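For reference, the structure discussed in these notes is given below.
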Amino acid sequence: MEEDLQRLLRDYAIEIHGERGEQFAADHFLKMLISSHRHLRGLNLENSDAIRANAQKAHEQAFEWAKNYALDHDWFSRGKLRSMTLAELAQELYEDEE
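For what it's worth, the working numbering labels the leading residue of the sequence shown as 34, then goes sequentially.
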């Protein structure tokens, strides 16, 4: 298994660094690889927090816009519709057409 790991690290070092990759000792390259991976994970954490914050902000803005639109255009709430009789609803609709 250790030979497989050594070969895998050597091949990956060559893939990343070209012919210079053969110069890296496996343990040195493994340390570089782990360090790089930690750095990328840190960046992903930073970005995911920013993406999540932006999505939350967009959601809040969309909700506020929709609420204001509904209020400005005389939309009925579901609760108000449930409590209205058919005659009251017909009256509201009739008044809107005038």
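Glycine is no exception: its CB is placed at the ideal position from the N, C-alpha and C atoms.
Note that this is a predicted model, so its numbers are computed, not measured.
So, Leu73 versus Ala59, is the Cβ gap smaller than 8 angstroms? No, the pair does not count as a contact, with Cβ atoms beyond the cut-off.
Among Leu63, Gly54, Glu52, His50, nearest to Glu35 - alpha-carbon criterion: Leu63
How far does the alpha helix (DSSP H) with Ser68 in it extend, from its first residue to its last? 59-105
Who are the Cβ neighbours of Glu48 in its own chain at under 8 angstroms, not counting the five residues just before and after it? Scanning its chain for C-beta atoms nearer than 8 angstroms, with the 5 sequence neighbours on each side dropped, one finds around Glu48 the residues Gly54, in chain order.
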